[in-house]
Structures are given as structure tokens and as C-alpha cells.
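The structure under discussion appears below in the form of C-alpha cells.
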Amino acid sequence: MHDLLHDLAMFLARDFYCRIEEHGKTEDVTALTRHMSYESLSHLIAENFASISKAESLRTFFPGNTRFHFNDMDGVACILISKLKYLRVLSFSSHTKLDVLPDSISELTYLRYLDLSRTSITTLPESLCDLYNLKTLILYKCLLLTMLPSGMHKLVNLRHLDIWNTFLKEMSGGMSKLKQFHILSYFTVGKHENNGIQELGGLLNLHGTFAIKKLENVADVKQAESATIIDKKHIDRLVLQWSSDTQTKRDILDNLQPHNSLKILAIEGYKGTIFPNWVGHRSNSNMTRVTLESCNNCCKLPSLGQLPFLESLRISRFGQLKSIGMEFYNNEGDIVSFPSLKTLEFWSMPYWEVWHLSESEVFPQLSKLQIDNFPMLKGDMLGHVFLRIISSLSNASKVLKLDISEEYEGRSQEMSLKGNTLSIKGCASVVQLLVVSAMSNNHLCCLQEIHISRCWSVLCFPGNCLSKSLKKLTIRSCSNLEFPQQQQQKNDLVELRIENSCDSLISLSLDAFPSIKILEIRRCLNLESISMSEPSHDALHCLTIYYCQKLVSFLEEGLAAPNLTHLNLSRCPKLESLPSDMNTLLLNLHSLNMEGCSKICKLQERGLPLKLKELGVGGCEQQLRGLLSMANLYSLMELTILGSSDVRSYPEVGSLPHLPSLTTLTLAYFLNLETLECNCKNPLFATLFLKPRFWLKRL
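At position 345 of the sequence shown (counting the first as 1) the number is 785 in the numbering used here, and the numbers step up by one without a gap.
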């Protein structure tokens, strides 16, 4: 609401509405006041109730966003109820000090709405049941409340009873007399005739979300049938819950069939061995979400593949389930199974060994498949399932994320397919199947990008598995993956990144990557040389070699990459030489980083018209002086200097040349630096970074 409109509304309603804030004045309350909200009852107590008692015809007493907990809340409630006899709306929400509702509550004969949510109420007085006009009773998060008054059946006008997050042991008797019920959070089945499940038979107007708890107290099929759940057509979410380990007859669940307008179904703790036919029957055409949980005796899943609009399915803690077979799909002819399913989750399936997929199309819209704790399900079977699901994905929605977590191995595994990008973390056997075998299969022939990480097992990555469509390949933390060192056939990779992987890789030839634009090799522990026999490599733009401690030889015959703009040679302490055409490469470079390559001391020529904007140097003093003495660094904007522990004064490193465009200077690892005199007089210089920070105290 606009401020002006708000002020106008407040002006017009000033005689009838009153809001008492923390530092407000209760003098604003008059005999005309009908509706009052408050921010803190402490202020009301401090002013006593003399002012509030003026509003004898008050209709609404409601808290704002109060977090105040008055110690004598029980006394406050008694005073309010005794003075305000015409209240229609009364709320003590969030006052955790309120643990007793006075018997005088019955004097509020006009009360329609009572909110006791988030209070410490332990019991409700029987006098509450005399509120004939009460329509809404909110008991949300009354965690200490375990029983309702026995006379609840007298509240014949009650339409809304919110008891979510309470722990009622059973319902009071005669609830079937409350014909006006629209919202009832849940019904706890009792063991007596007047509070059994048959009491639900008369509540035909229930709406929204409804749960039935302690179904183990249903004695026979006749009681379940008398609840007439199938006639409650306004319920859109139904939860059926068993709490104990008593054996459940299938016929009892069969007679709890809901109306086919139901959208969300959850079955928890069912102890039968098989599900009745109505669970998953195609007549439930409005069902969008199904959860089956803690059904430890079930050995078969219901035929959920027939539900045409099912979008989310979660199955967890099935202790006896060993196989998912054709009954899960139950498709007839060429009918697609799970045509609308987007999310499929399996949790805690300790004995699950086999997963059969239907021969017809399955899961065409699946976007997330999550599997957690499946110690008996083999990785190769998962790979075949994943590949089979990929083949069924519709072209319009080719997005699939597979999360796999095996607690017994202590490592999470994930796979995801988004468009033409496949990402795999862990899942060594699946990597072998998907990346190697699938390349000869049309299912993944259009993949353009593959990311593989955290596959610790020994894997063979033959050279012929890189398809022509593949453009980007990233391998991280796969030390035992055998990358093809010699490829008979050139590939079309545009980006290749290898990090902390491929320990068997000793020599890498760039001849197999004629189209490569970005090449990054990081932490390849045994890489010794990089070679190229082709006369030119026109596609290469960005080259990074980082922390390859055994790298000795780097293209001594020349790189011949006329379009190279970014070159990073860092932390390669054994690297002795640069490409013979390094001075030619410098002409087009925008970024050069040569930190930590202590054996490379200088370049052969000076005075080149360089385009460098970023420069990182260091590792030894000779290299530092040599690179900084290069003339024509007029475009340089960022400079990083990697120091050494024997440098104590920055001028000893060598004065900076004239750098008119420099904006950022970073000095790193001058661990014993004591004097810093940086005289950069160019007007653009703005930022100085000193890394790491712990040595700043020396300056």
C-alpha cells in the first residue's frame, strides 16, 4: 500500500482501530474501539488495564509480530477475558508462558476465532466446549498438548481445527457430530468405539490436507470401510500413517481408498506385504505426488507407472524389497510409463539388488533421480539404468540429475545430464560404461561436454571413445584414470582440463587436439613433457600449466600459436626452457604468468611492443628483474610479484618500470619483508594486495 493511502486509511479508521506498539499509549483506546493489535503485553501490564477496559465492545484482540514472553501470562488472560465480553477474535499466539487457559473462557459467548498456537498449553478446559459460536481453533505447535477436551463434540459450528505439530494421543469422542468441519489437520485413531476411525464417516466436508494417524488401532475391515474416505472428494492431500510394528492387513488399506480427485498421497509405516490395487491405479488421474515410507514388509512396489500426471515419487526405508520389476510400470502395449514424472527418489533400500526397466518408453520427463544407501545395487546395473533412462528422455526436456550416495563407502556419487552436458562425480563403473561404451551407442552420440571427477578406481579411457561431437572435456581428481597418450584419430575438442588426475600421463602431444582453444593441465604429478610436431596451432587461445613438478621440457621446438592470448606457466620448478619462439608469442599475449618457475631466468630480447594487461612473475630474483625490465609495458593493468623468503626490503627486488596503466599490484610470499617502499606515481594505480596477510605485522 502506498504511504499516502495507508495514512488515509489510518485517519478514517482512527476511532475503531487501535494498534499499541512498544512505546505507544493506551490512551488511544476509546469506547468506540472495536479492533486492537499489540506489540508487547508488557506495556499493557505496565499501564494496567484501565485504559483497555474503556473498549467494552472490543471485537478483536490480536498480537502483532510480538516476541515478548510475559511471566504472568495466565493472569493476563484472566483479566482480558473478564473485561472483554464481546470479543469475536482472540489470539495469544507465540506467548510461550501461557500454559493454562482459564475456565472463564466460556464467558466469551460471541467468540468465533481463538488462536493458542505456539503456547505452552498442556490441557484445555472443558468450559471451552461451551463456545457454541466458535468456528476456528488454532492449536498449531502446542507441543505439550496431548488431549482435547472430552466435550469437543458440542462445538457444532467448528469449521477449522489446526492441530499440526501437536502430539495428541487420541481424539476426543463423538467427533462425527461436527458436521461443519472443513479443515481438520489430522485424526488420531483411538481404541474405543466413540473415537475410532468410524467417527470420520460423518465428516464429508473435509478440505485440503488431512492425515490419519495410528491406523494400527483399526480393528477390522468394517471399521476402515465405515470411515468412507472415498466419499471425501475435497481432500487433495492424504497421509495414512501406522506407528507400531503390528501386522497390517491389506484389506484395511484397501478400504481406505481416497476419492480420485486426490493430488498428493503419503503412506507411512504400512506393514503389509503388498499394496492394494487402488494405489497407483490409473483412475487416480489427478495424483501428482506419492510418498511411500517405512513399509518394511513390502516386497513389491505398486503399479505407479500408470498415473498420467505423477510428477514426484519418493520411496524410502523398504527393508525387504530386493527387486523392482515390471509390476512397477504395468504398462500395456506401447503406453509410456511415468509420462509426467520429474523427480524420482529412493532412500535406504538395504537389500535392493535388481532394477528392471520396462521395454517400452519410461520416464520421458525425468529431471532428477536420487538414490541413497543402496549397498546391494551394483554400479554397472545403475549405469545401464541411467543409459536406458537417457534414451527415453524427450528431446524437449533432456535434463537429468542423478544423485547417488553410498553410506557404506563414505563417498557421495552424482551424475547429471543437462542438455548436451554430462557430469559424473564418483561412480567409477558408471564412468566406464557411459563414457566408453555409450560413445558407440546413439544414446549419447550428441554429447558436447563431459565432466568427470572423484573417480578413484582404475579406469581405462581409450582414445577412440572421444566422439566427434565432444567439444569440452574436464577431468578432476581421477588419479587412476588412464588418459590416451597417443591417439590415432584427431578429435574436435575445444576445451580440455585435467586437474589432479591421470597419474600415468607422462607425455602429452598437442597434435591430437588441432581445434583446442583452452588447454589446462594442473597438478599432473608425473607429466614430464609437452610436444607438438605440427607446423602451427592456430586455434589455441589459452594455455595453463600449473604445479606439474616433474615437467622438464615444454615445446622446445616452438609453440607456433599466433592467436595465443593467455599463457600461465606456474609452479613448475624443473621447467628449464620456454618455447623457442617465446618472444614472438609475447607480441599477442594479454596475460602472462610465470610464477614459481625458478629455472627460467630471462627472455632473449627486450624492447618488444607488448599488449600485456596482466603479468605475474617471480620465483627467483633473476627472473623477476628480467621480466620487469621488459620495455613497452604501457598496457599492463595488473601485476603480481611472487617473492621469496630472503627478501627483506622491496627495493632490493628491483624498482618498477614506468607502468602508466597499472591499477592493481599484488605482492605475495615476501615472508620476511620488513621495508616496503612502492613509489607508483601513475594516476590509475588504486589497489595494493599483500599476501598472505600474516606477515603484515613485520612491516
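Glycine is no exception: its CB is placed at the ideal position from the N, C-alpha and C atoms.
For Ile961, name the three-state secondary structure that DSSP assigns.
-> strand
Could you tell me the boundaries of the alpha helix (DSSP H) in which Ile915 lies?
-> Where Ile915 is concerned, there is no enclosing alpha helix (DSSP H), although the beta strand (DSSP E) it sits in stretches over Lys912 to Arg916.
Pull up the CB-CB distance for Asn544 and Ser522, whole angstroms please, since I reckon it's below 8 Å.
-> The sequence shown places Ser at residue 544, not Asn. Yes, they are in contact, since the Cβ atoms of Ser544 and Ser522 sit about 6 Å apart, within 8 Å.
Would you give the residue range spanned by the beta strand (DSSP E) that Lys617 belongs to?
-> Lys617 -> no beta strand (DSSP E), and no H or E assigned at all.
What is the C-beta distance between Ile670 and His647, in whole angstroms, given that I count them as a contact (C-beta under 8 Å)?
-> Wrong, their Cβ atoms sit about 16 Å apart, outside the cutoff.
With 16 other Cβ atoms within 10 Å as the buried cut-off, status of Trp896 = exposed
Where does Asn695 land, buried or exposed, given buried means 16+ other C-beta within 10 angstroms?
-> buried
What residue ranges within the region 688-748 form continuous beta strand (DSSP E) runs of no fewer than 3 residues, ordered along the chain?
-> 704-708 and 729-733
Name, in chain order, the residues that DSSP records as bridge partners for Glu939.
-> Arg916 and Arg962
For Asp555: DSSP bridge partner residues | Ser531 and Ile578
Are there 16 or more other CB atoms within 10 angstroms of the CB of Leu678, so buried, or fewer, so exposed?
-> buried
How big is the Cα-Cα spacing for Asp443 and Ser497?
-> 30 Å
Nearest candidate by alpha-carbon position, reference Gly613, set Lys619, Ser831, Ile603 and Asn635 | Asn635
Proximal residues to Leu644 (C-beta, below 7 Å), its chain only, five neighbours per side dropped | Asp671 and Lys672
Please classify Phe994: does DSSP put it in a helix, a strand, or coil?
-> strand
Which whole runs of the beta strand (DSSP E) in the region 803-830 are 3 residues long or more, in chain order?
-> 808-812
Output the distance between the C-alpha atoms of Arg528 and Glu801, rounded to the nearest integer angstrom.
-> 59 Å
Between Asn931, Leu680 and Ile892, which lies nearest to Ser655 when the distance is taken from Cα to Cα?
-> The sequence as given places Leu at residue 655; Ser does not occur at that position. Here the closest residue by C-alpha is Leu680.
From which residue to which residue does the alpha helix (DSSP H) around Asn1023 run?
-> Met1022 to Leu1025
What's the gap between the Cα of Gln989 and the Cα of Lys908?
-> 33 Å
Between the Cα of Leu568 and the Cα atoms of His593, Gln638 and Arg828, which residue gives the shortest distance?
-> His593
Using CA coordinates, which residue listed in Tyr526, Tyr1109, Leu1004 and Phe803 is at the minimum distance from Ala979?
-> Leu1004
Span of the beta strand (DSSP E) around Lys1131 = Thr1127 to Lys1131
Arg474 versus Leu548 - alpha carbon distance = 15 Å
How many Å lie between Lys865 and Arg894 at the Cα?
-> 5 Å
Identify, in the order they occur along the chain, each residue of the same chain with its Cβ nearer than 6 Å to the Cβ of Pro742, setting aside the five sequence neighbours on each side.
-> Phe715, Val719 and Gly720
State the beta-bridge partners of Gly1056 as determined by DSSP.
-> Asn1033 and Thr1080
Just how far apart, CA to CA, sit Leu1029 and Asp951?
-> 22 Å
Have a look at Leu857 and Glu751 and give me their C-alpha separation to the nearest angstrom.
-> 19 Å
For Val794, which residues of its own chain have a beta-carbon under 6 Å away from its beta-carbon, when the five flanking residues on both sides are left out?
-> Ser763
Of the residues Leu640, Val516, Ile811 and Ala495, the one placed nearest Lys617, counting alpha carbons only | Leu640
Residues near Val898 in its chain [Cβ-Cβ closer than 7 Å; skip 5 each side] | Asn920
Inter-residue CB distance, Asp555 and Ser533 (contact presumed, cutoff 8 Å) = 5 Å
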